[in-house]
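Accompanying notes for the structure given below.
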Ligand SMILES: O=C(O)C(=O)C[C@H](O)[C@H](O)CO
């Protein structure tokens, strides 16, 4: 990766009136108690998992290093490199101000939504790990403390015969009995053989029947042993989504996720309010500003922010707080490595309305090798009491699984 992104020129970022650096704000006073720490460097390494995970490291003059992760995607390491000058020299304990500082500095480069928010999220998570290590407390303590010792995890499931209801039911049985999960998710945007046109978003009767058969086969098979959600990946029209949600109302569906595209809130609201099937949405929205609209319009029954994409740990906490005003639970979308998964779990323990955190890598085989600790056991994450996120990267494993051409970041 080129290291020139840190030198990119943006007059808006350089001369902005709203300037939140420690120097301008007058937040440089000596703090004592080992809290006079300065950020010296920010580095990234991309790991070739079932998604290309961007791990982030923030280094300090105290020799303490924080590790975070940004949601996967091209351009994220470059954006993090671009933001490095805005945090080097800053005290990493000022997490809230540094988040605002980055949002302000990057406002001309897309800090409202999209990949810039994702990049900021990775830095924000690393700051929580770092702050916890400096203060010698677990990250959840920075968010207000604990509601639960363990956070429930749901397993996103796949089978090679994803369109075969019985194959899905067999996989559900296996994941419950052999892997120990009591919460699952299957995809419903799978071919049924009845499609005439894959672009027009309309579901033909045979397609609805086929999806209902998958729902019936899976929910009946693991009835009373597991909660099962179904994902549609923003595929269908409002009318088709309403018909699908109605067709599965008689089954024990945990939730139906993303039945319609994310852009049009009015359509989403209409679908959600048309059915008693619980509707979950949120992974394609950014920051509390966008998630808030889904919540305040009661366009969701369950909100699903993706923590390393939506803005990080404090932003997810803010979303959960708004959701809690409307009695809406939070099921965190997650396709990340153990780092952002554990960050999600720390927020999950710090909020009253946590339903579950997703795990999306059970087919990979080496997900937990990236860290020295056990992360998921019997379908739950026990929140570590070690400082920060409570994880230690296995640098050999990270190096072994790096995206080709990537450079391994420095040791702590
Ligand atoms: O697990 C989910 O809810 C997903 O939607 C997984 C997606 O494939 C992922 O987020 C990337 O688009």
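Numbering (our numbering), first residue to last: 15 to 426.
Glycine is no exception: its CB is placed at the ideal position from the N, C-alpha and C atoms.
Computed from a predicted structure; not experimentally measured.
Check, Outcome
"Over what stretch of residues does the beta strand (DSSP E) that includes residue 312 continue unbroken?", "Premise fails: residue 312 is in no beta strand (DSSP E) and is neither H nor E."
"Going by beta carbon distance, what residues of the same chain come within less than 7 Å of residue 68, once the five residues before and after it are set aside?", "58, 60, 83, 84, 86, 90, 91, 136"
"Which residue from 324, 347, 229, 258 puts its Cα closest to that of residue 316?", "347"
"Considering only C-alpha positions, which residue in the set 191, 303, 258 is nearest to residue 292?", "258"
"Going by DSSP in three states, residue 100 sits in which element: helix, strand or coil?", "helix"
"Going by DSSP in three states, residue 66 sits in which element: helix, strand or coil?", "strand"
"Nearest to residue 337 by alpha carbon, out of 357, 66, 303?", "303"
"Cα separation between residue 252 and residue 98?", "43 Å"
"Since residue 152 sits in a beta bridge, which residues does DSSP pair it with?", "402"
"Cutting at 7 Å between CB atoms, please list the residues of its own chain near residue 229, excluding the five before and the five after it.", "244, 262, 265, 267"
"Does any heavy atom of ligand 1 sit closer than 7 Å to the C-beta of residue 241?", "no"
"If we count the other Cβ atoms within 10 Å of its Cβ and call it buried at 16 or more, is residue 189 buried or exposed?", "buried"
"Would you identify the three-state DSSP class for residue 125, choosing helix, strand or coil?", "coil"
"Helix or strand or just coil, what does DSSP make of residue 215?", "coil"
"Under 7 Å: does the beta carbon of residue 123 sit that close to some heavy atom of ligand 1?", "no"
"Return yes when at least one heavy atom of ligand 1 lies under 7 Å from the C-beta of residue 172, else no.", "no"
"Can you check the segment 159 to 210 for any alpha helix (DSSP H) of at least 4 residues that lies completely inside it and give the ranges in chain order?", "179 to 191"
"What's the C-alpha gap between residue 169 and residue 218?", "29 Å"
"According to DSSP, residue 262 sits in a beta bridge with which residue or residues?", "Its beta-bridge partners do not exist; DSSP assigns none."
"Out of 62, 70, 111, which one is the CA nearest neighbour of residue 40?", "111"
"Which residues in the same chain have their Cβ closer than 6 Å to the Cβ of residue 297, if we skip the five residues on either side of it in sequence?", "318, 320, 347"
"Please report the Cβ distance between residue 286 and residue 260, rounded to the nearest whole angstrom; I am assuming they are in contact, meaning their Cβ atoms lie under 8 Å.", "Not confirmed; about 13 Å, so no contact."
"Select from 187, 140, 201 the residue whose C-alpha is nearest the C-alpha of residue 195.", "187"
"Run the CB neighbour count on residue 12, radius 10 Å, all protein chains shown included, and call it buried at 16 or more, exposed below.", "Past the edges of the chain, shown from 15 to 426, lies residue 12, and the structure says nothing about it."
"Got a sec, what are the start and stop residues for the beta strand (DSSP E) residue 368 sits in?", "368 to 373"
"Whose C-beta lies closer than 8 Å to the C-beta of residue 410 among residues of the same chain, with five residues either side of it excluded?", "none"
"Classify residue 31 as buried or exposed, calling it buried when 16 or more other Cβ atoms lie within 10 Å of its own Cβ.", "exposed"
"Under a Cβ-count criterion, where at least 16 other Cβ atoms within 10 Å of its own Cβ denotes burial, should residue 423 be classed as buried or exposed?", "buried"
"For the beta strand (DSSP E) containing residue 244, name the first residue and the last one.", "241 to 245"
"Quick check on the burial criterion: 16 or more other C-beta atoms within 10 angstroms. Buried or exposed for residue 152?", "buried"
"Taking buried to mean at least 16 other C-beta atoms within 10 Å of its own C-beta, is residue 299 buried or exposed?", "buried"
"Given a cut-off of 8 Å on the beta-carbon distance, is the pair residue 402 and residue 75 in contact?", "no"
"Please say whether residue 141 and residue 106 have beta carbons closer to each other than 8 Å?", "yes"
"Cα-Cα, which of 164, 254, 119, 78 is closest to residue 369?", "164"
"Within the segment 32 to 67, note down every full alpha helix (DSSP H) run reaching 4 residues or more, in order along the chain.", "36 to 39"
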